[in-house]
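Enquirer: The following block contains the structure, expressed as structure tokens.
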Amino acid sequence: MDPTIPASYGAIENGALGVTGGRITWLGKMQELPTYKSENIRDCESGWLTPGLVDCHTHLVFGGNRAREFEKRLQGVSYEQIAREGGGIVSTVKATRKINADDLLKDAALRLSGMTAQGVTTVEIKSGYGLDLENEIKMLEVAKDLAREENVRVSTTFLGAHALPPEYKGRADDYIDLVCKQMIPEIAKQNLANAVDGFCENIGFTPTQIRRVFEAAKKHGLPVKLHAEQLTDQGGAILAAEFNALSADHLEYVSEGGVRAMAKANTVAVLLPGAFYYLKETKKPPIDLLREHGVPMALATDCNPGSSPITSPLLILNMACTLFGFTPEEALAGMTREGAKALGLGDEIGTLEKGKNADLAIWPIDHPSELSYWLGRDYRPTRVIGGNIESVET
Ligand code: NIG
Ligand code: FE
């Protein structure tokens, strides 16, 4: 380590970490390590050991892709305009309804492998491209199956209030009825989601409609989160904070009042520089204000076929630094400690602390700032999940 750079990141140099029963049970300087049987010791070869990355906002499961829409946008048609003309999210809804669960899983697994190859050990996956009970359940089940097949922890989020399905055109309140009275109760009953999300936007749902969704979620004991203030200020962050939301996400257009409300409610700001970049947004989320008010700032890929077709968490760390002015240390915390909080898993994962799950990434690097620095570098860190060391192909 460069001696001119102060040891930060809460790092322990020449450290060691003990794991028992899948949890971290010892942490400290290598010289102080209690005696372990040598066959149980793993040498990390002067690499850095970090918490496994937590990608706390993704729409990883979907049918088709929107590369043609990308071409249109490059010709000057806006994301909003495409959505209003029946493209955008609704075109992915059509493709997701058509595809069977096996193919949906295969497509998603391919994208997920890009993330795990870069150290992700927990991923949040939202529904929201089914928009009817059967297809929303199909998406959530596929998301849960991914955890079994891909050696990753998955946290699922029900995003029924993502867009208005075509069959409800002109009847948004009736669709919200369906979300609140049928979908949320059934999804809660089948234990398919860890949280409920919505898209509060002029091309999504109004604060009044989202309030109803949040009330239904609360009634069924599910925590909430919200796509808030991505394109306009709708007062979504204030609404989210009122319901003690785990997170409010995007936040380019959040007001100071929204930031204050989030700070008070301990709602995490999930910032998504990939969508900011992809939509060529020019208004940045108010990073200084969020810092000033002590709002935890998480980062995520927002992997989705429209606004952020990105499967690289490390690219997001770099974008957070270059586009939003994060420090590399804040960026790493954003995709570990703060990402875990945004999922309500702050006591379980996200830092290297005694008692937490031993979810780790072992990186062949000299300093953690490298994780935000290189673009496209194929590190392939060794991942450890609940103490199980991933076998690495050589
Ligand atoms: O997080 N903003 C709404 N939802 C997604 C985009 C979904 C899509 O375009 O398919 C987002 O940016
Ligand atoms: Fe999103």
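If you want this note's numbering, it's the position in the sequence shown, counting the first as 1, plus 5.
Using N, Cα and C, we set each Cβ at its ideal position, and we do this for glycine too.
1) If you scan the segment 149-200 from start to end, which runs of the alpha helix (DSSP H) of 4 or more residues do you find wholly inside it?
2) Taking 7 Å as the cut-off, is the CB of His225 close to at least one heavy atom of the ligand FE?
3) Report yes if the C-beta distance between Leu294 and Met302 is below 8 Å; otherwise report no.
4) Among all the DSSP beta bridges, which residues are the ones paired with Asp60?
5) Would you kindly work out how many angstroms separate the C-alpha atoms of Thr387 and Glu154, rounded to a whole number?
6) Could you check if Arg158 is buried or exposed, using at least 16 other CB atoms within 10 Å of its CB as the buried criterion?
7) What residue range does the beta strand (DSSP E) around Lys230 cover?
8) State the DSSP-derived secondary structure class of Asp238, mapped to helix, strand or coil.
9) Are Leu110 and Leu145 close, meaning C-beta to C-beta below 8 Å?
10) Is Leu38 helix, strand or coil by DSSP?
11) What separation, rounded to the nearest whole angstrom, lies between the Cα atoms of Thr332 and Asp112?
12) Only counting the same chain, and skipping five residues up and downstream in sequence, which positions put a Cβ closer than 7 Å to that of Gly279?
13) DSSP on Val98, reduced to helix/strand/coil?
14) If you pair each beta-carbon of the segment 281-293 with each one of the segment 13-31, do three or more pairs fall below 8 Å?
15) Comparing alpha-carbon positions, which option in Met340, Ala222, Ile394 and Pro310 lies nearest Ala274?
16) Within 7 Å: the Cβ of Asp60 and any heavy atom of the ligand FE?
17) Taking only three categories from DSSP, how would you classify Cys326?
18) Return yes when the C-beta of Asp108 is under 7 Å from any heavy atom of the ligand NIG, and no when it is not.
19) From the DSSP output, which residues share a beta bridge with Phe204?
20) Going by the beta-carbon positions, is the gap between Ala268 and Leu227 smaller than 8 Å?
21) Any heavy atom of the ligand FE closer than 7 Å to the Cβ of Asp371?
22) Rounded to whole angstroms, how far is the Cβ of Val59 from the Cβ of Gly344, which I believe are closer than 8 Å?
23) Return yes when the Cβ of Gly241 is within less than 8 Å of the Cβ of Leu231, no when it is not.
24) For the segment 125-138 against the segment 78-90, are there 3 or more C-beta pairs whose distance is under 8 Å?
25) Leaving out five residues on either side along the sequence, give the residues of the same chain with a beta carbon under 6 Å from the beta carbon of Leu38.
26) Relative to the ligand FE, is the shortest distance from any of its heavy atoms to the C-beta of Asn199 smaller than 7 Å?
27) Return the chain-ordered list of same chain residues with a C-beta closer than 7 Å to the C-beta of Thr399, the five sequence neighbours on each side being excluded.
28) Using 8 Å as the threshold, is the C-beta distance between Thr272 and Tyr258 below it?
29) Output the residue ranges of the alpha helix (DSSP H) runs that lie fully inside the segment 45-89 and measure 4 residues or longer, sorted by chain position.
30) I'd like to know whether the C-beta atoms of Pro170 and Asp137 end up nearer to each other than 8 Å.
31) Looking at C-alpha atoms only, which residue of Gln36, Tyr378, Gly27 and Asn199 is the closest neighbour of Ile17?
32) Near Gly330, which residues of its chain fall below 7 Å by C-beta distance, leaving aside the five closest residues on each side in sequence?
33) CB Leu319 to CB Gln123, shorter than 8 Å?
34) What does DSSP give as the partner residues of Met302 in its beta bridges?
35) Put Leu319 into one of helix, strand or coil per three-state DSSP.
36) If contacts are defined as beta-carbon pairs under 8 Å, then Val201 and Val147 qualify, I think. What distance do you get, rounded to the angstrom?
Expert: Taking the definition as stated:
1) Listed in chain order, they are 177-183 and 189-194.
2) Position 220 of the sequence shown, counted from the first residue, corresponds to residue 225. No, the beta carbon of His225 sits no closer than 7 Å to any heavy atom of the ligand FE.
3) As a position in the sequence shown, residue 294 is number 289, starting the count at 1. As a position in the sequence shown, residue 302 is number 297, starting the count at 1. A distance of 8 Å or more separates the beta carbons of Leu294 and Met302.
4) Sequence index remark: in the sequence shown, residue 60 carries index 55 (1-based). The partner list for Asp60 (beta bridge, DSSP) reads Val128.
5) For this step, residue 387 is matched to residue 382 along the sequence shown. For this step, residue 154 is matched to residue 149 along the sequence shown. Taking the straight line from one Cα to the other gives about 18 Å.
6) Position 153 of the sequence shown, counting from 1, holds the residue named residue 158. Under this definition Arg158 is a buried residue.
7) For the purposes of this step, residue 230 is identified with residue 225 of the sequence shown, where counting begins at 1. It spans Lys230 to Ala233 - the beta strand (DSSP E) in which Lys230 sits, taken as one unbroken run.
8) Locating residue 238 in the sequence shown gives position 233, counting from the first residue. In this structure, Asp238 counts as coil in the three-state DSSP scheme.
9) Sequence index remark: in the sequence shown, residue 110 carries index 105 (1-based). Sequence index remark: in the sequence shown, residue 145 carries index 140 (1-based). Against a cut-off of 8 Å, the Cβ pair of Leu145 and Leu110 comes out as no contact.
10) Here residue 38 is taken as the residue at index 33 of the sequence shown, counted from 1. Coil, per DSSP.
11) The residue given as residue 332 occupies position 327 in the sequence shown. The residue given as residue 112 occupies position 107 in the sequence shown. Rounded to whole angstroms, Thr332 to Asp112 spans 34 Å at the Cα level.
12) On the sequence shown, position 274 is the one that residue 279 refers to. These residues qualify, in order along the chain: Thr306, Asp307, Ser313, Ile315, Ile321 and Met324.
13) Against the sequence shown, residue 98 aligns to sequence position 93. Note: Val98 maps to helix in three-state DSSP.
14) Counting Cβ pairs under 8 Å, fewer than three are found: no touch.
15) Mapped onto the sequence shown, residue 274 falls at position 269. The shortest Cα separation from Ala274 among Met340, Ala222, Ile394 and Pro310 belongs to Met340.
16) As a working note, residue 60 is residue 55 in the sequence shown. No, the ligand FE has no heavy atom inside 7 Å of this Cβ.
17) The residue you call residue 326 lines up with position 321 of the sequence shown. In the structure shown, Cys326 sits in a helix (DSSP, three-state: H, G or I).
18) Numbered from its first residue, the sequence shown carries residue 108 at position 103. Not so, every heavy atom of the ligand NIG lies at least 7 Å from the Cβ.
19) Within the sequence shown, residue 204 is the residue found at index 199, counting from 1. Note: Phe204 sits in a beta bridge opposite His232.
20) Taking the first residue of the sequence shown as 1, we reach residue 268 at position 263. Taking the first residue of the sequence shown as 1, we reach residue 227 at position 222. In this structure, Leu227 does not lie closer than 8 Å to Ala268 by Cβ.
21) Residue mapping note: residue 371 aligns to position 366 of the sequence shown, counting from 1. Because no heavy atom of the ligand FE lies under 7 Å away, the Cβ of Asp371 does not count as near it: no.
22) The residue given as residue 59 occupies position 54 in the sequence shown. The residue given as residue 344 occupies position 339 in the sequence shown. 3 Å between Cβ atoms; contact.
23) For this step, residue 231 is matched to residue 226 along the sequence shown. For this step, residue 241 is matched to residue 236 along the sequence shown. For Leu231 and Gly241, yes; Cβs fall inside 8 Å.
24) Contact between the segment 125-138 and the segment 78-90 is absent, because fewer than three Cβ pairs lie under 8 Å.
25) What you label residue 38 is simply residue 33 of the sequence shown in a count that begins at 1. The residues are Ala21.
26) Residue mapping note: residue 199 aligns to position 194 of the sequence shown, counting from 1. Asn199: no, Cβ never under 7 Å from the ligand FE.
27) Reading the sequence shown from its first residue, position 394 is the one you call residue 399. At Thr399 the pLDDT is 44, less than 50, meaning the model places this residue with poor confidence; the figure from the coordinates comes in the next sentence. Here the set comprises nothing.
28) Looking up residue 272 in the sequence shown gives position 267. Looking up residue 258 in the sequence shown gives position 253. No, they are not a contact pair.
29) The segment 45-89 contains these whole alpha helix (DSSP H) runs: 72-79 and 84-89.
30) In the sequence shown, residue 170 corresponds to position 165, counting from 1. In the sequence shown, residue 137 corresponds to position 132, counting from 1. For Pro170 and Asp137, yes; Cβs fall inside 8 Å.
31) The residue given as residue 17 occupies position 12 in the sequence shown. The candidate whose alpha carbon is nearest that of Ile17 is Gln36.
32) Against the sequence shown, residue 330 aligns to sequence position 325. Here the set comprises Ile292.
33) The sequence position of residue 319 within the sequence shown is 314, counting from 1. The sequence position of residue 123 within the sequence shown is 118, counting from 1. Result yes, Cβ atoms of Leu319 and Gln123 sit closer than 8 Å.
34) The residue labelled residue 302 in the question sits at position 297 within the sequence shown. Within the DSSP bridge table, the entry for Met302 names Ala274 as partners.
35) Numbered from its first residue, the sequence shown carries residue 319 at position 314. In this structure, Leu319 counts as helix in the three-state DSSP scheme.
36) Within the sequence shown, residue 201 is the residue found at index 196, counting from 1. Within the sequence shown, residue 147 is the residue found at index 142, counting from 1. Not really, about 18 Å apart at Cβ, beyond 8 Å.
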